[in-house]
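Novice: Numbering (our numbering), first residue to last: 1 to 146.
Glycine residues also receive a C-beta, built at the ideal position from the N, C-alpha and C atoms.
Note that the structure is a prediction, hence the values are computed from the model and not measured.
First, the structure itself, so that you have it in front of you.
And the structure:
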């Protein structure tokens with residue numbers, strides 16, 4: 001996804017003690033930082049398939065990525081319409097909007113759950129209408145652009 005030089009720079013940010021490796025707990029965060037979006041379960045399966053123990057070097061991570069390129073590439077293929085369909089479940093009146101409460105519920109209670117702090121960060125700067133509704137198509141577009 002990213003260039004090798006850029007990946008090394010990002011790896012260095014995760015290798016806070018300059019040991020030349022990061023803990024297996026940071027592998028998912030590293031993959032997301034370089035542009036992939038695996039679920040926690042996918043990360044766990046990838047890490048376990050490598051059998052590297054508790055630490056991963058940059059070279060081991062590059063090999064993990066090369067060995068699982070197709071799976072990782074698929075994590076970046078989210079389409080706007082796929083997300084819109086998920087939001088429409090909560091849009092009972094077909095207005096194109098969901099309430100802040102419904103959005104918070106979706107983000108903290110379904111699928112890969114976000115923390116309350118992560119949700120608050122996402123909601124900063126989001127336009128809410130006078131009835132407490134959020135245009136979910138615009139919200140999704142803004143998130144996908146990041």
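With contact counted as at least three CB pairs below 8 Å, one residue from each stretch, are the region 51-59 and the region 101-116 in contact?
Specialist: Touching, no.
Novice: Since residue 44 sits in a beta bridge, which residues does DSSP pair it with?
Specialist: None, per the DSSP bridge assignment.
Novice: Which residue from 79, 61, 114, 15 puts its Cα closest to that of residue 39?
Specialist: Closest by alpha carbon: 114.
Novice: Which residue's Cα is closest to the Cα of residue 6: 51, 34, 15?
Specialist: Ranking 51, 34, 15 by Cα distance to residue 6 puts 34 first.
Novice: Determine the closest residue to residue 67 out of 108, 45, 41, with distance taken between C-alpha atoms.
Specialist: Residue 67 has its Cα closest to that of 45, out of 108, 45, 41.
Novice: So which of 112, 49, 142 has the shortest CA-CA distance to residue 125?
Specialist: Taking only the C-alpha atoms, the option nearest residue 125 is 142.
Novice: Could you check how far apart the C-beta atoms of residue 133 and residue 95 are, in whole angstroms? I think they sit under 8 Å.
Specialist: About 7 Å; that satisfies the 8 Å criterion.
Novice: DSSP puts residue 55 in a beta bridge; with which residues?
Specialist: Answer is 23, bridged to residue 55.
Novice: In or out: residue 21 buried (at least 16 other Cβ within 10 Å) or exposed?
Specialist: It is buried - the Cβ of residue 21 has at least 16 other Cβ atoms within 10 Å.
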